[in-house]
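Structure record follows, encoded as C-alpha cells.
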Ligand SMILES: CC(C)(COP(=O)(O)OP(=O)(O)OC[C@H]1O[C@@H](n2cnc3c(N)ncnc32)[C@H](O)[C@@H]1OP(=O)(O)O)[C@@H](O)C(=O)NCCC(=O)NCCS
C-alpha cells in the first residue's frame, strides 16, 4: 500500500474539506464544505495542507493556518495554527498523524514560525509532540436572574447587523490583542464566517446567531436554544459564543444583557479566560458554574525567539534544563530578562530547574504556574525556590486567552 504524504493543491480543496468533515463525523454537507473551501482558499489565512491518499481517496488530513499570536508587551509572533487534523477510521494508529505532524512542524520552522498552537479534540493526543497548555479556559453556566453588584445602563448595548459586525468588530479584537497575550488572529473570511455566514447546519438546533455590541467598545454573539416549556415556564439556554470588550463598562453591560434575555433560564458561556471578570461582577457567584474546557496548546519551535519576543515586568535570570523528545530544543537555556529586553541562549552551566518542552510552553506566557508544574512533578527544582522565581519573571498582567477556537 502506497501511503505517500502530499501537500494540498488547490484542486484538492473540496475532497480535503470532505475528509476533514468525515473524520470529525460531521455530515459532509455542501453548505458546510463550501464555507470551508472558501476559508482555506483565503490568501490572508495562508492555509497549508497535507494529505495522505489511499488509492483515489484521502485517508488523512492536516492543516496549518498562517496566523500570529499576541505576546506580553503587545508584539505579535508568527504562529502556525494547526487545524483540520484527522485520519480515516480505517487508517488510524499506523503513524499517519506522526508523519503529518513532523511535516507540518518542519514547514513552520522553515517559515520562521517560533510557535505552533492548536485546540485538541482529546487531551491525550498532542503532549507527545511537545504541545503544552498555554492558555487554560473555562466555560460558565450562569443561572438567569443572577444579580449584578454594580449594574450599568444596558441601553448602551445595541443590535448589530452582520455587515456592521463584519466591518467594526475586527478593530475591537485587535484592541484586545494589544494588551492580552495568547490571542490569535482572525482573518476577513473568518470574520465573515462568524458574522455573516450562518448556515442551519452550524446551529445545532439553536436560533440563528444574534449579534449585539457597544459600538467600538465590545461585542457579543449568541444563539438561543429553545428547551421544553414546563408548567408554563420557559427553559431555554443562551449559548454565548463570544463576548469581548475593551473597557469595564462595556464588559459589564454585555454580560448583564446576555444574562437577562427574556424566555431563557440560563447562559452557557464558552471559553473564558481564568481572569474573566464575570465572578466579580455578580453578587451571587454560587449561581455561576465554571468548568475547565479545551485550552489553547502551544509547541515552542524556537525557544529563544519565543522568550526573547515577549516583554518582562521584572529583572531576573534563570537557567532551565529543557528536554525535547521529538525536536531540537533540548539544552540548558539561560533566560536573562528585564523590562529593557531579554535574551534566551544555550549555556554550559548548572540549571536551576529542569522541565520538558511542553511544560516550558505552559509557563511561557504565564498561563500555567511553574510551582503548579513542580507540585505535579512535571518540573524539577534543582535549586529551591527556582520555580517561584520563574513564575515572577514570566508573570503577565492579563492571562493568555484567545476568545475563539480554530
Ligand atoms: C487523532 C488522530 C488524528 C490520530 O491519528 P493516527 O494516525 O491514528 O495517529 P498515529 O497513528 O500517528 O498515532 C501517534 C501516537 O498517538 C497516539 N494517539 C493518537 N490518537 C490518539 C487518541 N485519540 N487517543 C490516544 N492516543 C492516541 C497513538 O497511539 C500513537 O502512540 P504511539 O506513538 O505511542 O504508538 C485520529 O485518531 C483521528 O482522526 N481522530 C478523530 C478526529 C480527531 O480527533 N482529530 C484531532 C483533532 S484535534
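Residue numbers (my numbering): 147 to 552.
The beta-carbon is built from N, C-alpha and C at its ideal position, and this holds for glycine as well.
Query raised in the report: Would the beta-carbon of residue 204 be found less than 7 angstroms away from any heavy atom of ligand 1?
Result: Here residue 204 is taken as the residue at index 58 of the chain shown, counted from 1. No; taking the cut-off as 7 angstroms, the Cβ of residue 204 has no heavy atom of ligand 1 nearer than that.
Query - alpha helix (DSSP H) segment containing residue 107, residue limits - result: Examination of residue 107 is not possible in this model, given that the chain is present from 147 through 552 alone.
**Report entry** Cα-Cα separation, residue 229 to residue 153
**Finding:** As a working note, residue 229 is residue 83 in the chain shown. As a working note, residue 153 is residue 7 in the chain shown. Cα to Cα, the separation comes out at about 15 angstroms.
**Report entry** Other residues of its chain near residue 345: CB distance less than 6 angstroms, five sequence neighbours each side excluded
**Finding:** Counting from one through the chain shown, the residue named residue 345 turns up at place 199. Closer than 6 angstroms at the Cβ level, and outside the excluded window around residue 345, lie 177.
Query raised in the report: Helix, strand or coil: how does DSSP classify residue 318 here?
Result: Along the chain shown, one-based indexing puts residue 318 at 172. In this structure, residue 318 counts as helix in the three-state DSSP scheme.
**Report entry** Cβ-based neighbour list, residue 357, same chain, cut-off 6 angstroms, excluding 5 preceding and 5 following
**Finding:** As a working note, residue 357 is residue 211 in the chain shown. Correct list, in chain order: 306, 311 and 367.
Query raised in the report: Within the present structure, is the beta-carbon of residue 278 separated from the nearest heavy atom of ligand 1 by less than 7 angstroms?
Result: Reading the chain shown from its first residue, position 132 is the one you call residue 278. Checking the Cβ of residue 278 against ligand 1 gives no.
Query raised in the report: Using CA coordinates, which residue listed in 194, 517 and 455 is at the minimum distance from residue 488?
Result: The residue you call residue 488 lines up with position 342 of the chain shown. Selected option, being the one with the closest Cα: 455.
Query - Contact test: residue 240 Cβ vs ligand 1 heavy atom, cutoff 7 angstroms - result: Indexing the chain shown from 1 puts residue 240 at position 94. At least one heavy atom of ligand 1 is nearer than 7 angstroms to the Cβ of residue 240, so yes.
Query raised in the report: Roughly how many whole angstroms lie between the Cα atoms of residue 265 and residue 280?
Result: The residue given as residue 265 occupies position 119 in the chain shown. The residue given as residue 280 occupies position 134 in the chain shown. One C-alpha to the other measures close to 11 angstroms.
Query raised in the report: Does ligand 1 have even one heavy atom less than 7 angstroms from the beta-carbon of residue 269?
Result: Here residue 269 corresponds to residue number 123 of the chain shown, with the count starting at 1. No.
Query raised in the report: Would you say residue 328 and residue 546 are within 8 angstroms of each other, going by their C-beta atoms?
Result: For the purposes of this step, residue 328 is identified with residue 182 of the chain shown, where counting begins at 1. For the purposes of this step, residue 546 is identified with residue 400 of the chain shown, where counting begins at 1. Yes, the Cβ-Cβ distance between residue 328 and residue 546 is below 8 angstroms.
Query raised in the report: DSSP three-state call for residue 184: helix, strand or coil?
Result: Residue mapping note: residue 184 aligns to position 38 of the chain shown, counting from 1. Reduced to three states, the DSSP call for residue 184 is helix.
Report task. Determine the direct distance from the alpha carbon of residue 277 to that of residue 505, and round the result to whole angstroms. Result -> Translated into positions along the chain shown, residue 505 becomes position 359. Translated into positions along the chain shown, residue 277 becomes position 131. Using only the alpha carbons, I get a separation of about 8 angstroms.
Requested in this report: Could you give the DSSP three-state label for residue 302: helix, strand or coil?
Outcome: Counting from 1 along the chain shown, the entry for residue 302 is found at position 156. Looking at residue 302 - three-state DSSP - the assignment turns out to be helix.
**Report entry** Neighbour-count burial assignment, residue 172, 16 or more Cβ in a 10 Å radius
**Finding:** Locating residue 172 in the chain shown gives position 26, where the first residue counts as 1. Answer is exposed; the Cβ neighbour count stays below 16.
Query raised in the report: Tell me, which residues are paired with residue 294 by DSSP?
Result: By one-based count along the chain shown, residue 294 stands at place 148. 428, per the DSSP bridge assignment.
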